[in-house]
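Chains as they are written, first to last, in my numbering: chain A, 833 to 1029; chain B, 833 to 1029; chain C, 833 to 1029; chain D, 833 to 1029. Heads up, the beta-carbon is just placed ideally off N, CA and C, and yes, glycines get one too. Step one of this worksheet: look at the structure below.
There are 4 protein chains.
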Amino acid sequence: MPKIVNHEERREEVVAAARRIILRDGIEAATTRAIAKEAGYSNGVLTHYFADKDEILLSALEASHRRIADRLREKLSGLTGLAALRELLLDNVPLDGERAGETGLEVGFWGRSLTSPALLEVQRREAAELRYVVTSLLRSAAEAGEIRTDEDPEDVAERLLALVDGLSVHRLLYPANVTADRLERLLLREIDRLRDG
Amino acid sequence: MPKIVNHEERREEVVAAARRIILRDGIEAATTRAIAKEAGYSNGVLTHYFADKDEILLSALEASHRRIADRLREKLSGLTGLAALRELLLDNVPLDGERAGETGLEVGFWGRSLTSPALLEVQRREAAELRYVVTSLLRSAAEAGEIRTDEDPEDVAERLLALVDGLSVHRLLYPANVTADRLERLLLREIDRLRDG
Amino acid sequence: MPKIVNHEERREEVVAAARRIILRDGIEAATTRAIAKEAGYSNGVLTHYFADKDEILLSALEASHRRIADRLREKLSGLTGLAALRELLLDNVPLDGERAGETGLEVGFWGRSLTSPALLEVQRREAAELRYVVTSLLRSAAEAGEIRTDEDPEDVAERLLALVDGLSVHRLLYPANVTADRLERLLLREIDRLRDG
Amino acid sequence: MPKIVNHEERREEVVAAARRIILRDGIEAATTRAIAKEAGYSNGVLTHYFADKDEILLSALEASHRRIADRLREKLSGLTGLAALRELLLDNVPLDGERAGETGLEVGFWGRSLTSPALLEVQRREAAELRYVVTSLLRSAAEAGEIRTDEDPEDVAERLLALVDGLSVHRLLYPANVTADRLERLLLREIDRLRDG
DNA sequence: CATGAATGAGTGTTCATTCAT
DNA sequence: TATGAATGAACACTCATTCAT
Chain A
833 MPKIVNHEER REEVVAAARR IILRDGIEAA TTRAIAKEAG YSNGVLTHYF ADKDEILLSA
893 LEASHRRIAD RLREKLSGLT GLAALRELLL DNVPLDGERA GETGLEVGFW GRSLTSPALL
953 EVQRREAAEL RYVVTSLLRS AAEAGEIRTD EDPEDVAERL LALVDGLSVH RLLYPANVTA
1013 DRLERLLLRE IDRLRDG
Chain B
833 MPKIVNHEER REEVVAAARR IILRDGIEAA TTRAIAKEAG YSNGVLTHYF ADKDEILLSA
893 LEASHRRIAD RLREKLSGLT GLAALRELLL DNVPLDGERA GETGLEVGFW GRSLTSPALL
953 EVQRREAAEL RYVVTSLLRS AAEAGEIRTD EDPEDVAERL LALVDGLSVH RLLYPANVTA
1013 DRLERLLLRE IDRLRDG
Chain C
833 MPKIVNHEER REEVVAAARR IILRDGIEAA TTRAIAKEAG YSNGVLTHYF ADKDEILLSA
893 LEASHRRIAD RLREKLSGLT GLAALRELLL DNVPLDGERA GETGLEVGFW GRSLTSPALL
953 EVQRREAAEL RYVVTSLLRS AAEAGEIRTD EDPEDVAERL LALVDGLSVH RLLYPANVTA
1013 DRLERLLLRE IDRLRDG
Chain D
833 MPKIVNHEER REEVVAAARR IILRDGIEAA TTRAIAKEAG YSNGVLTHYF ADKDEILLSA
893 LEASHRRIAD RLREKLSGLT GLAALRELLL DNVPLDGERA GETGLEVGFW GRSLTSPALL
953 EVQRREAAEL RYVVTSLLRS AAEAGEIRTD EDPEDVAERL LALVDGLSVH RLLYPANVTA
1013 DRLERLLLRE IDRLRDG
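If you want it as structure tokens, here you go:
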């Protein structure tokens, strides 16, 4: 008589373990053994919940995106327009250890996505969502008169998100040059420029 | 007399093979065996020209940087200030297949650098150089009255280079959203904003 | 429930396989693949039971020492002084096939120990123990009036153990010259000389 | 038109290089590349003078024996009987760095000889010679009344040579226990015992 | 003869995956 | 379901050997 387990729950446990390892030790350290051990299970369990290792990594990426989105939703509650945008962008940049880990995970996946259609698809889906939110916030900020309106919101969104990713990877690779303070300052100034120029 | 080969030439052959693999199949696929095979040699040859695999990857990264620098030097000859800056930034962004390849390789190395001190060191050295050149061009453009002077050149340089890297990776990951045209337009507009705010 | 194996048992299987190979083909032939095959397993099994090859070799050496010690303990029970010493020394010399194997393994390890600190340490520990036992037996034999007392027991112990090792290696390398009978005779005579000079 | 070289001379150069490496870094470090480099030649030369690596090692062993024999012949000139024997035995024991190296080489070869008929044959030939010399010296010492005659010279020779080898290997493996002084003292005492003991 | 480029089997080790229990 | 034993291909690297020049 088989034990009744909650499949989705187990998957999440394993994926969380994978995320922890990737954040802590890098994507190379995320072997199936390490993941199983981190999750508190034996090697063999993984087979029951994932077709192969790639599926675990993919789920880890999705989970990471979901965590970010959840956190954001909470922070953004009650905020609108420019204030919400500011919060969103600041939350997408490695200003503390937790977000630095998330950025590291993201950057590690960028390289893999270039040669993995499945990963790429996940990245694209999430990126499109984020872009949509930013564009919407820009539009509502424009309607509220908080920012200038002489530029296409889609262009501004792309510029902001590119800057966020660029600054993020620079913070990881060149921390001496891009300190947390400087990163925050540069990002906030860019947001200010939406208003007056 | 034995067959005399040009060591530097062989190294470049091997490094080129490594670059091809990284671009085509990702940095994970760049095993010593795969590199040797791609270069048309047996496993053992690599020993003659490289101490270990890391040296090959490092050389591949350095070669990529050197190619970019060489090309840039040529393009920049005769240009100064803002015009030179514009050329430099446009050249650091994946607008054609060749530069897309270089960016892809770079992104692949970003992930690796997060867990490899040797690679990180190379990345940092090259990044510092680039930052220095951009800052210098900004200063001379400011002196020539081509751009506003109300912002610290170092901050502007960091913003521009972050934007370049952010747009580059977006171009690779989301080509449908960031077309070559759009990428060029966004970058040029950002440069224009240096002038009139 | 998976197949449960006794880890200690498996380790012993593998170590026994390693010992067989070393005895049969020399320590150089004891590759991880050869050991696994000799044990009847695939390459990968070794990881489950040993951290690395050194641990296997080390265990093989320790196992050999333990076997000798166990056998000796049994033989020595009830014996004291000179009689015990005689038994001990005779047991440390390749008089039959089993002990010849042990000596061969030991000699193989001598060479390795010269360049391997870990192996050397094991050799030293075991040698010190043996030296201590021999010295103790010499002292009690002296107290019992069984042997002369004009020589430092430590010196006598070293001489006896050096002779044991020298005769052992000669028995292996020059069996035509050092037959089992001759080896036994020479060793017993040396023990007799402890009594009457 | 081929260069005329002295084959025997080249062989000796290479063998000397091999010996230097084995003495300095152990028998495992004696790769063909290392030997060729130490000899000041390229990899390829070895083929002209040796069938394979085993032949080099064999020659190195023979050369080592020859060197010992040569040195001994010189030291023994003018000496006879017990004095000559004393000199011979002291010279076969690792009392200084040079002889320690030779002993290390010898011990390294012992292990290999157990599974290599060719090496074993060389060891046996040389051992028989040494045994013959020692026996002869014992006989002449006996005739000269320098030592007792109640023991078979062949047995005494075997005992002395076994002691020499045993003390030698103990000096290498347990230098803290068997110091050079102690080794010399133990050996000289054993020789003294030939007279009155 | 001498060179050194090139080979390819072999080394210890890692790891995703399979599967009997 | 869960276990963990077992597999075997793959990894980076080493090295004796071959051979065109």
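Query                                                                                                                           : Result
For Glu953(C) and Thr863(C), the rounded distance between their alpha carbons                                                   : 22 Å
Residues of the stretch 930 to 958 of chain A whose Cβ lies closer than 9 Å to any Cβ of chain B, in chain order                : Gly936, Val939, Gly940, Phe941, Trp942, Gly943, Arg944, Ser945, Leu946, Thr947, Ser948, Leu952, Gln955, Arg956
Range of the contiguous alpha helix (DSSP H) that encloses Phe882(C)                                                            : Where Phe882(C) is concerned, there is no enclosing alpha helix (DSSP H), given that its DSSP letter is neither H nor E.
Residues in the stretch 860 to 879 of chain A having any Cβ partner in chain B nearer than 9 Å                                  : Glu860, Ala861
CB contact below 7 Å: Ala974(C) versus chain D                                                                                  : no
Proximity of Tyr873(A) and Arg956(B) at Cβ, strictly below 7 Å                                                                  : no
Test item: CB-CB of Arg918(B) and Ile853(B) under 7 Å                                                                           : no
Rounded straight-line distance, which links the Cα of Glu934(C) to that of Asn875(B)                                            : 40 Å
C-beta contact flag for Val847(A) and Ala883(A) at 7 Å                                                                          : no
8 Å Cβ shell around Val996(A) - same chain, five flanking residues per side excluded                                            : Leu921, Asn924, Val925, Leu1019
Element boundaries [alpha helix (DSSP H), containing Tyr964(D)]                                                                 : 949 to 975
Under the three-state DSSP convention, the category Ala932(C) falls into                                                        : helix
Through-space distance from Glu978(A) to Arg1027(A), alpha-carbon basis                                                         : 6 Å
Neighbour flag for Leu1005(C) against chain D, beta carbons, 7 Å                                                                : yes
Where the stretch 905 to 933 of chain C meets chain D: residues whose CB sits under 8 Å from a CB there                         : none
Nearest-angstrom Cα separation, counted from Val877(B) out to His839(B)                                                         : 12 Å
CB-CB length for Arg1003(A) against Leu1015(A), believed under 8 Å                                                              : 5 Å
Straight-line gap, Ser972(D) to Glu844(D) (C-alpha atoms, nearest Å)                                                            : 36 Å
Residue-chain proximity (Arg842(B), chain A), Cβ-Cβ < 7 Å                                                                       : no
Per-residue burial, Glu975(C) [other beta carbons within 10 Å of its own, 16 or more giving buried]                             : exposed
Sequence-distant residues of the same chain with beta carbon closer than 6 Å to Ser1000(C), five excluded per side              : Val925, Pro926, Thr935
Cα-Cα separation, Arg899(C) to Ala850(D)                                                                                        : 38 Å
Reference Leu962(C); option with closest CA among Glu860(D), Ala932(D), Asn1009(D)                                              : Asn1009(D)
Any chain D beta carbon closer than 7 Å to His1002(C)                                                                           : yes
Which listed residue (His880(B), His897(B), Asp928(B), Arg856(B)) has its alpha carbon closest to that of Glu870(B)             : Arg856(B)
Neighbourhood of Arg931(D) by C-beta distance below 6 Å, restricted to the same chain and skipping five residues each side      : none
Chain C residues whose Cβ lies nearer than 7 Å to that of Ala994(D)                                                             : Leu995, Gly998, Leu999, His1002
Separation of Pro985(A) from Leu911(A), as counted between CA atoms                                                             : 19 Å
Any C-beta of chain C under 7 Å from that of Arg903(D)                                                                          : no
Rounded straight-line distance, which links the Cα of Ile836(B) to that of Ser896(D)                                            : 37 Å
Test item: CB-CB of Ser945(C) and Leu937(C) under 7 Å                                                                           : no
Beta-carbon contacts of Leu890(D) that lie in its chain and below 7 Å, excluding the five residues immediately before and after : Ala950, Leu951, Val954
Enclosing alpha helix (DSSP H) for Leu927(B) [first to last residue]                                                            : Premise fails: Leu927(B) is in no alpha helix (DSSP H) and is neither H nor E.
Val1010(A): contacting residues in chain B (beta-carbon distance under 7 Å)                                                     : Glu990
Segment limits, alpha helix (DSSP H) that includes Leu911(A)                                                                    : Segment: none, Leu911(A) is in no alpha helix (DSSP H) and carries neither H nor E.
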